[in-house]
Amino acid sequence: MRVRDLVKRYRNTEHNAVDGVSFEVPEGELFCLLGPNGAGKTTIVSILTTTLNATSGEVRVAGHDLTRPHLVRRNVGIVFQEPSLDMNLTAEENIRLHAILYGLYPWRPSWRLMPADYRTQVRELGEILGLDGQLSRRVRTLSGGTRRKLEIIRALLHRPRVLFLDEPTAGLDPRSRHDLWAYLRQVRHRHGTTVLLTTHYLEEAEAANTVCVLARGRVIEYGSPAAIKDRHTRPELVLDARDRAGLRRELLALGLTVADGEPLRVRVDPSGAQRVVRALRTELTHLQMVQPTLEQTYLLLLERAR
């Protein structure tokens, strides 16, 4: 997937919703778009999946230009942020309709008359996501989390080359989230599926090969989670002592900035941590080197972008 200078401006607005965004996603990668509400994530996904026209820019998805949307659509699977299920059909009927529209299987009026390959595939997906006992229920009777799982099954049915997941685990309990990501890892490894993810769960973004951080429609950071953290944050040395005031004075005398709170925290390069500890005379009761999280780095980037 390749995006070059993508711009989207809605009518009667003064600013671009997406403002010159560029990125590339190699085949088989997990790529994550991060950003607060209104940063442009869903707009970008809508453009890449051909449900919204760009104002300008060059985009290729699964080897196809967006000017040939029918080819793009046959090669992508989509789980939108907002539900897109038929509430009056059963869960299985929603899946069957999707399979028929994609030309995967011939139309049959009931589950029992569908080809064995279809029934096997649906059962396997249902078992993985815990839906096997609910496929005959009407969608309007299902919980929000169960509906989400159903949308994911539907998006994966035709084994797309690129899978777009816009907040896919919203509404799922921790166990379901874990099971879903275990399955998505299988999909990527078995089929080389490229995954573009938007999420508010930073631990999900940590698993991405590449993260693109957006603010006000622009890219403010881009790279692997580890590289982004290294560029903007340093590990913290966490220390404590019975004589906490004395320890604080020593740290300040070494020219270190001590964060407010208990225990005491100072940011140092790993190579300098040993030097700091050796220089201290106060007896320590706690010593720990803590690596920065992507969430801490992400919040720092958003603060700088204000």
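With positions in the sequence shown counted from 1, the corresponding number in this note's numbering is that position plus 4.
All C-beta atoms in this analysis are idealised placements derived from N, C-alpha and C, irrespective of residue type, glycine included.
Check	Outcome
Can you have a look at Gln190 and say buried or exposed, based on whether 16 or more other CB atoms are within 10 angstroms of its CB?	exposed
Using only the alpha-carbon positions, how far apart do Ala219 and Arg64 sit?	23 Å
Using 8 Å for Cβ pairs, my map puts Gly32 next to Thr198. What's the rounded Cβ distance?	6 Å
Looking at Arg269: is its Cβ nearer than 8 Å to the Cβ of Ala277?	no
Output the distance between the C-alpha atoms of Asp247 and Leu304, rounded to the nearest integer angstrom.	32 Å
Determine the DSSP secondary structure at Asp9, reduced to helix, strand or coil.	strand
Taking only three categories from DSSP, how would you classify Leu176?	coil
Grab me the residues of Glu299's own chain with a C-beta within less than 6 Å of its C-beta, minus the 5 sequence neighbours each way, in chain order.	Leu206
Please confirm whether Tyr106 and Met118 have their CB atoms less than 8 Å apart.	no
Could you give the DSSP three-state label for Gly32: helix, strand or coil?	coil
Do Leu37 and Thr202 have their C-beta atoms closer together than 8 Å?	yes
With distances taken from CA atoms, which of Pro267, Gln295, Leu260, Arg310 is nearest Arg279?	Leu260
For Gln85, name the three-state secondary structure that DSSP assigns.	coil
Which class does Arg269 belong to by DSSP, given the choice of helix, strand or coil?	strand
Across the region 71-88 and the region 122-140, are there enough close Cβ pairs to call them in contact, namely three or more that are closer than 8 Å?	no
Does the pairing of the region 48-66 with the region 225-232 give three or more beta-carbon distances under 8 Å?	no
State the Cα-Cα distance for the pair Asn362 and Thr145, rounded to the nearest angstrom.	This structure cannot speak to residue 362, because the chain is shown only from 5 to 310.
For Gly44, which residues in the same chain have their Cβ closer than 6 Å to its Cβ, ignoring the five residues on either side in sequence?	Ala21, Val22, Leu218, Gly221
Tell me whether the beta-carbon of Leu154 lies closer than 8 Å to the beta-carbon of Leu176.	no
What would DSSP say about Ala66, mapped onto helix, strand or coil?	coil
Here's a check: name, in chain order, each residue in its chain whose Cβ is nearer than 7 Å to the Cβ of Leu258, leaving out the five neighbours to either side.	Val280, Ala283
Straight-line CA distance for Leu101 to Arg141?	15 Å
Can you tell me where the beta strand (DSSP E) with Asp170 in it begins and where it stops?	166-170
Per DSSP, which residues does Met293 bridge with? Please list them.	Leu241
Going by DSSP in three states, Arg127 sits in which element: helix, strand or coil?	helix
Report back the beta-carbon spacing between Asn245 and Glu307 to the nearest angstrom; my notes put them in contact at under 8 Å.	The sequence shown places Ala at residue 245, rather than the Asn named in the question. Between Glu307 and Ala245 the Cβ distance is about 31 Å, and since that is not below 8 Å, they are no contact.
What is the residue span of the alpha helix (DSSP H) that Arg158 lies within?	148-160
Hey, out of Tyr122, Ile156, Ser147, Asp121, whose CA is closest to Ile132's CA?	Ile156
Tell me the rounded alpha-carbon separation between Phe35 and Glu208.	11 Å
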